[in-house]
Amino acid sequence: MSERVAVRKTYKLFIGGKFPRSESGRSYLVQDANVSLASRKDARDAVVAARAAVKGWAGATAYNRGQILYRAAEMLEGRREQFVALGVPGDEVDAAIDRWVWYAGWSDKLAQVYGGANPVAGPYFNLSAPEPTGVVAVVAPASPALLGLVSVIAPAIVTGNTVVVAASPAEPLAAVTLAEVLATSDLPGGVVNILTGRLSDTVPTLASHMDVNAIDLTGVADADLAADLEVKAAENLKRVLRPAPADHDWFADPGVTRMTSLLETKTVWHPKGV
Numbered sequence: 007m008s009e010r011v012a013v014r015k016t017y018k019l020f021i022g023g024k025f026p027r028s029e030s031g032r033s034y035l036v037q038d039a040n041v042s043l044a045s046r047k048d049a050r051d052a053v054v055a056a057r058a059a060v061k062g063w064a065g066a067t068a069y070n071r072g073q074i075l076y077r078a079a080e081m082l083e084g085r086r087e088q089f090v091a092l093g094v095p096g097d098e099v100d101a102a103i104d105r106w107v108w109y110a111g112w113s114d115k116l117a118q119v120y121g122g123a124n125p126v127a128g129p130y131f132n133l134s135a136p137e138p139t140g141v142v143a144v145v146a147p148a149s150p151a152l153l154g155l156v157s158v159i160a161p162a163i164v165t166g167n168t169v170v171v172a173a174s175p176a177e178p179l180a181a182v183t184l185a186e187v188l189a190t191s192d193l194p195g196g197v198v199n200i201l202t203g204r205l206s207d208t209v210p211t212l213a214s215h216m217d218v219n220a221i222d223l224t225g226v227a228d229a230d231l232a233a234d235l236e237v238k239a240a241e242n243l244k245r246v247l248r249p250a251p252a253d254h255d256w257f258a259d260p261g262v263t264r265m266t267s268l269l270e271t272k273t274v275w276h277p278k279g280v
């Protein structure tokens with residue numbers, strides 16, 4: 007009998023809760039797997055899906071968003087060995103699971119910490135409350151592939167934003183496998199969209215897209231490229247998060263800066279009764 011030839015898995019994009027192939031039909035071989043090579047059209051489709059999901063996700067209760075993030079941690083825990091088999095160190099998978107839980111816990115507390123009543127000189131109530139920015143484009147860090155990815159996605163979505171993620175071209179399998187986790191985690195379609203392939207094919211489109219409200223350039227190591235993307239983002243006054251330092255410790259306490267950087271503050275004045 008002839009030796010059996012294994013069927014190589016083809017990893018597709020994650021857009022709108024589905025797994026489409028790139029509209030270009032292109033793929034590339036990385037980590038011994040076929041991975042879709044996203045195009046500018048795919049990036050635009052992902053933004054459309056993210057925008058369509060904003061109203062429902064931002065309108066969900068903070069408690070419900072926390073439940074869904076916790077469910078993602080549960081599903082990731084159940085697939086721990088799969089990520090280890092992909093080459094993700096076990097301690098990194100554990101840290102990624104804990105990171106989901108950590109951000110889930112903040113879901114219904116952030117408004118209490120960063121919102122509240124403001125003292126004013128007059129017969130008014132003056133109340134401030136944090137609200138999501140909207141659609142956030144994210145360039146994921148190349149390393150650590152899983153923990154870095156979770157650390158940029160979770161703070162964006164726990165606050166009610168939706169995201170379009172450009173995964174690391176060199177280490178995409180953790181990202182597309184995480185998409186399979188999220189697809190079974192009660193997360194509404196379009197809240198997280200993941201693109202794989204060359205950053206040059208997708209990130210400039212996201213930076214200049216008029217329906218993207220903010221962009222996180224953490225995974226852009228080239229300072230000149232980051233500056234160019236900032237210029238593109240300026241056309242519609244996108245909020246820009248600049249890349250983290252190369253020596254950033256992703257295992258450290260993440261703090262709340264990433265969450266608060268992707269929030270707007272709404273202040274309401276209301277007259278007091280007599």
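Start counting the sequence shown at 7; every next residue gets the next number (my numbering). Don't be surprised by glycine CBs; every beta carbon is placed ideally from N, CA and C.
Express the C-alpha separation of R10 and V262 in angstroms, rounding to a whole number.
51 Å
Confirm, please, whether the CB-CB distance from P26 to Y130 is below 7 Å.
no
Can you tell me whether G65 is helix, strand or coil according to DSSP?
helix
For a quick check, are the C-beta atoms of V197 and T168 less than 7 Å apart?
Yes, Cβ-Cβ distance for V197 and T168 is below 7 Å.
Taking 7 Å as the threshold (C-beta atoms), are T202 and S42 in contact?
yes
List the endpoints of the continuous beta strand (DSSP E) containing I200.
V198 to L201
Which of helix, strand or coil does DSSP assign to L247?
strand
Quick check on this structure: which residue in D222, W256 and T183 has the alpha carbon closest to the alpha carbon of L19?
Per the Cα distances, T183.
Tell me which same chain residues have a C-beta within less than 6 Å of the C-beta of A55, skipping the five on either side of it?
These residues qualify, in order along the chain: I21, G22, G196 and N199.
When Y120, H254 and V237 are compared against L268, the one with the closest alpha-carbon:
Y120
Rounded C-alpha distance that separates V218 from A91
35 Å
Taking D192 and I103 to be in contact with their CB atoms under 8 Å, please state how far apart those CB atoms are, rounded to whole angstroms.
Beta-carbon to beta-carbon, D192 and I103 are separated by about 16 Å, too far to satisfy the 8 Å threshold.
Residues bridged to L269 by DSSP?
Beta-bridge pairing links L269 to P138.
Please name the residue in A59, G31, R204 and K115 whose C-alpha comes closest to that of P194.
A59
Along the chain, where does the beta strand (DSSP E) containing D234 start, and where does it finish?
Looking at the DSSP string, D234 is not in any beta strand (DSSP E); the run it does join, the alpha helix (DSSP H), is A229 to A239.
Alpha carbon to alpha carbon, how far is S113 from W275? Give it in angstroms, no decimals.
Answer to the nearest angstrom: the Cα atoms are 25 Å apart.
Quick one: residues in its chain with C-beta nearer than 7 Å to the C-beta of E98, no 5 flanking neighbours on either side, listed in chain order?
P150, L152 and L153
Between the Cα of V145 and those of G111, V107, V156 and L223, spot the shortest distance and give me the residue it belongs to.
L223
Could you give the DSSP three-state label for T211: helix, strand or coil?
helix
Count the other CB atoms, across all protein chains shown, that sit within 10 Å of the CB of S45; report buried if there are 16 or more and exposed otherwise.
buried
Return yes when the Cβ of R204 is within less than 7 Å of the Cβ of P178, no when it is not.
The Cβ-Cβ distance between P178 and R204 does not fall below 7 Å.
Where in the region 80-137 do unbroken runs of the alpha helix (DSSP H), each at least 4 residues long, occur, reported from the N-terminal end onward?
86-91, 96-112 and 116-120
Minimum C-alpha distance to N40 - residue among A49, D48 and S28:
S28
With a cut-off of 8 Å on the beta carbons, I'd call A220 and V170 a contact; round off their distance for me.
Going by Cβ atoms, the distance from A220 to V170 rounds to 11 Å, so no, they are not a contact pair.
Distance between A110 and N70 (C-alpha atoms, nearest Å):
9 Å
Consult DSSP for D222 and reduce its assignment to one of helix, strand or coil.
It is a strand residue.
Since I believe L188 is in contact with A52 (beta carbons under 8 Å), could you give me their beta-carbon distance rounded to a whole number of angstroms?
Contact between A52 and L188 does not hold, since their C-beta atoms are separated by about 14 Å, which reaches or exceeds 8 Å.
Continuous beta strand (DSSP E) assignments of at least 3 residues falling wholly in the region 143-178:
168-172
On the criterion of 16 or more Cβ atoms from any shown chain inside 10 Å, does L281 qualify as buried, or is it exposed?
For residue 281 there is no data in the structure shown, the boundaries of the chain being 7 and 280.
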